[in-house]
Amino acid sequence: MSEFFESGIFGVTLTFVVYMGAGLLYRRYRWTLLHPVLLSITGIILILKILDIDYGSYNRGGQYISFFLKPAVVALGVPLYHQLQEIRRQKWAILISQLAGAVAGILLTLFFGWVFKMSQGTLLSMIPKSVTTPLALEISASIGGIPPLTVGMVLAVGLQGALFGVSWLRWTGIRDRAAAGLAMGAASHALGVARISEAGRVETAYAGLSMMFTGIVTAVLAPWVVGFL
Amino acid sequence: MIRSLSVIFGCLLAGEALVFFTGVPVPSSILGMLLLTALLSLGWIKVAWVKIFSDLIVRNLAFFFIPSGVAIMLFFDRIAQEWLPIMVTVVTGTFLVMTVVGWVYQWTRKKDE
């Protein structure tokens, strides 16, 4: 029986079917906690546990899907190009605020890593936690983090921003429409972008660009910071 | 389809080559992405050439990192041990980044005017 699950076909099919089901559920209820990524990951883990299949067997198929992550990241260059066309002014203000945000986020992570005596693997996995998942995975792997752990943290960060971000912006006096978009994109990646896009076009454009900038800035800063650890 | 894939894998390979030969510590895929953006901005590559594949993949981006996310099942022990520091860092970090980005941007804009 276990040989059956070890054919790559099982892992690939399971991922397709569960992801499709999660998407259908999410589109029907539109509830943040039913986010397709969260639902797919928990669903697949549950199925594997119930059927007593180990991750290695599942990943015989999973690895073919993961292979496309790198070209998928490259493909993000197309939306980035469109975003750069849309927002031509204030590039410096955007870049400065992104840099400040990324540095603050990384320093805070290092601080708590030191306070709690976090293990090296956990600490490194946390550094790209504000970055959109595909980019965060790549950064985590390149600095010696544990990519699956990073996925979990990135999801938590995104859910937090989607659920409480808008109230937090109001509370901290971030009222400028561009600033609100930038803040959500930088702190809570795609989930933040989706939430703030309900506010309007300006917010969406800035949030999308901000999400990409945060990924790029973190990719450049992270290895450099880790070099000092 | 084939042209679209050639351009995207071409950019990725260029990114890999850059990492291999110069040793820059930035992931090759992110360098490939920046290269693609640069080539589009310069007009050396037309959006139409990459559209088929990029639209398809960007719309379903989440699908490609599901297997990596499922691997979190191998790290449940570590999470059970370190859930508190993880939670504290996630919650404070997210609000901090949001505040810093929003404030710094509003402040820079005000100085501009």
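Protein chains in written order, with the numbering used here: chain D, 1 to 229; chain A, 1001 to 1113. Where a beta carbon is used, it is the ideal one built from N, C-alpha and C, also for glycine.
Distance CB(residue i)-CB(residue j) smaller than 8 Å
i, j, result
"residue 1064 of chain A", "residue 143 of chain D", "no"
"residue 45 of chain D", "residue 1070 of chain A", "yes"
"residue 166 of chain D", "residue 201 of chain D", "no"
"residue 50 of chain D", "residue 206 of chain D", "no"
"residue 188 of chain D", "residue 153 of chain D", "no"
"residue 949 of chain A", "residue 78 of chain D", "Residue 949 of chain A is absent from the structure shown; chain A starts at 1001 and stops at 1113."
"residue 290 of chain D", "residue 218 of chain D", "Only positions 1 to 229 of chain D appear in this structure, which leaves residue 290 of chain D out of reach."
"residue 169 of chain D", "residue 1098 of chain A", "yes"
"residue 1094 of chain A", "residue 157 of chain D", "yes"
"residue 1043 of chain A", "residue 1014 of chain A", "no"
"residue 1066 of chain A", "residue 40 of chain D", "yes"
"residue 214 of chain D", "residue 181 of chain D", "no"
"residue 172 of chain D", "residue 1102 of chain A", "yes"
"residue 278 of chain D", "residue 212 of chain D", "Here chain D comprises residues numbered 1 to 229, so residue 278 of chain D is not present and cannot be evaluated."
"residue 69 of chain D", "residue 58 of chain D", "no"
"residue 53 of chain D", "residue 5 of chain D", "yes"
Minimum Cβ-Cβ distance from residue i to chain A less than 8 Å
i, result
"residue 120 of chain D", "no"
"residue 168 of chain D", "yes"
"residue 194 of chain D", "no"
"residue 220 of chain D", "yes"
"residue 68 of chain D", "yes"
"residue 207 of chain D", "no"
"residue 97 of chain D", "yes"
"residue 26 of chain D", "no"
"residue 40 of chain D", "yes"
"residue 187 of chain D", "yes"
"residue 105 of chain D", "yes"
"residue 130 of chain D", "yes"
"residue 45 of chain D", "yes"
"residue 138 of chain D", "yes"
"residue 109 of chain D", "yes"
"residue 55 of chain D", "yes"
"residue 228 of chain D", "no"
Cutoff 8 Å: residue i Cβ touching any chain D Cβ
i, result
"residue 1099 of chain A", "yes"
"residue 1032 of chain A", "yes"
"residue 1054 of chain A", "yes"
"residue 1057 of chain A", "yes"
"residue 943 of chain A", "With chain A represented from 1001 up to 1113, any question about residue 943 of chain A goes unanswered, as that position is not in the structure."
"residue 1064 of chain A", "yes"
"residue 1018 of chain A", "no"
"residue 1061 of chain A", "yes"
"residue 1022 of chain A", "no"
"residue 1042 of chain A", "no"
"residue 1071 of chain A", "yes"
"residue 1068 of chain A", "yes"
"residue 1006 of chain A", "no"
Selected residue, minimal CA-CA separation from residue i, among the options
i, options, result
"residue 17 of chain D", "D:43, D:195, D:59 and D:180", "D:43"
"residue 74 of chain D", "A:1075, A:1039 and A:1023", "A:1039"
"residue 33 of chain D", "D:138, D:159 and D:123", "D:159"
"residue 15 of chain D", "D:24, D:54, D:61 and D:51", "D:61"
"residue 1109 of chain A", "D:35, D:191, D:133 and D:176", "D:176"
"residue 1003 of chain A", "A:1062, A:1048 and A:1081", "A:1048"
"residue 134 of chain D", "A:1061, A:1037, A:1009 and A:1036", "A:1061"
"residue 216 of chain D", "A:1084, A:1037, A:1057 and A:1092", "A:1037"
"residue 191 of chain D", "D:140, D:47, D:132 and D:80", "D:132"
"residue 94 of chain D", "D:184, D:146, D:197 and D:114", "D:184"
"residue 85 of chain D", "A:1014, A:1041, A:1073 and A:1022", "A:1041"
"residue 1026 of chain A", "D:139, D:48 and D:121", "D:139"
"residue 199 of chain D", "D:178, D:211 and D:48", "D:178"
"residue 222 of chain D", "D:136, D:31, D:211 and D:21", "D:136"
"residue 128 of chain D", "D:174, D:186 and D:90", "D:186"
"residue 1105 of chain A", "D:58, D:228, D:99 and D:112", "D:99"
"residue 1029 of chain A", "A:1009, A:1023 and A:1046", "A:1009"
"residue 1035 of chain A", "A:1081, A:1016, A:1021 and A:1100", "A:1016"
"residue 1068 of chain A", "D:209, D:228, D:229 and D:141", "D:141"
"residue 1107 of chain A", "D:114, D:90 and D:107", "D:90"
"residue 8 of chain D", "D:54, D:63 and D:19", "D:63"
"residue 11 of chain D", "D:116, D:55 and D:113", "D:55"
"residue 1079 of chain A", "D:23, D:161, D:147 and D:122", "D:122"
"residue 82 of chain D", "A:1081, A:1055 and A:1011", "A:1055"
"residue 1086 of chain A", "D:31, D:163 and D:112", "D:112"
"residue 148 of chain D", "A:1081, A:1111 and A:1074", "A:1074"
"residue 1050 of chain A", "A:1081, A:1011 and A:1111", "A:1011"
"residue 97 of chain D", "D:220, D:226, D:210 and D:228", "D:210"
Threshold first: 3 residues or longer. Then list the beta strand (DSSP E) segments lying entirely within the stretch 1068 to 1102 of chain A, N to C. None, since the stretch 1068 to 1102 of chain A contains no complete beta strand (DSSP E) of that length.
At 4 residues or longer, and completely inside the stretch 60 to 109 of chain D: list those alpha helix (DSSP H) runs for me, N to C. Correct list: 69 to 75 and 77 to 86.
Completely contained alpha helix (DSSP H) runs for the stretch 173 to 223 of chain D, where each covers 4 or more residues: Whole alpha helix (DSSP H) segments, 4+ residues: 177 to 196.
If we require 4 or more residues per run, which alpha helix (DSSP H) segments fall completely within the stretch 1017 to 1047 of chain A? Segments of the alpha helix (DSSP H) lying fully in the stretch 1017 to 1047 of chain A: 1028 to 1042.
Contiguous alpha helix (DSSP H) assignments of at least 4 residues, all confined to the stretch 2 to 34 of chain D: Counting whole runs of 4 or more residues, the stretch 2 to 34 of chain D contains the alpha helix (DSSP H) stretches 2 to 5 and 8 to 29.
Identify every run of the alpha helix (DSSP H) within the stretch 122 to 168 of chain D, keeping only runs that are complete inside it and at least 4 residues long; order them along the chain. As far as the stretch 122 to 168 of chain D is concerned, its whole alpha helix (DSSP H) runs of at least 4 residues are 133 to 142.
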